[in-house]
Structure formats: C-alpha cells, structure tokens
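Residues 147 to 187 (the working numbering) make up the sequence shown, in order. Notes for the one structure printed next.
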Amino acid sequence: LEAAHRKQEAETVMVAGIKDGSYDRSWVDATLKRLNCFIEA
Numbered sequence: 147l148e149a150a151h152r153k154q155e156a157e158t159v160m161v162a163g164i165k166d167g168s169y170d171r172s173w174v175d176a177t178l179k180r181l182n183c184f185i186e187a
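Printed below as a string of structure tokens:
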C-alpha cells in the first residue's frame, strides 16, 4: 500500500509538470530514435 501511495505522489508531480510545461519528455524521442521509429516533425 505504501508503494502505491509513493507512485501516486510521483504521478501527481508528473501531471503537474505536464500541465505547466516543465515536464522533460526528451527521453521519449531519444528512445524512439534508438528503436529506429519514424518521428514526424
């Protein structure tokens, strides 16, 4: 149950970052590129 609470807290912080534009999602593009997936600009 404690692990679920920690996960919820982390997701709350992540969602706030997405909403305010501060969330860094550069890892997504890097992962897609590493997997040779086409990224439409």
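Glycine is no exception: its CB is placed at the ideal position from the N, C-alpha and C atoms. It should be emphasised that the depicted structure is a prediction, and the values quoted were computed from it without experimental measurement.
Range of the contiguous alpha helix (DSSP H) that encloses Gly163 | 148-166
Taking the Cβ atom as the reference point for each residue, do Ile185 and Asp175 lie within a distance shorter than 8 Å?
-> yes
N- and C-terminal bounds of the alpha helix (DSSP H) containing Ala176 = 172-180
Closer than 8 Å by C-beta to Glu157: which residues in its own chain qualify, once you throw out the five before and the five after it? Chain order, please.
-> none
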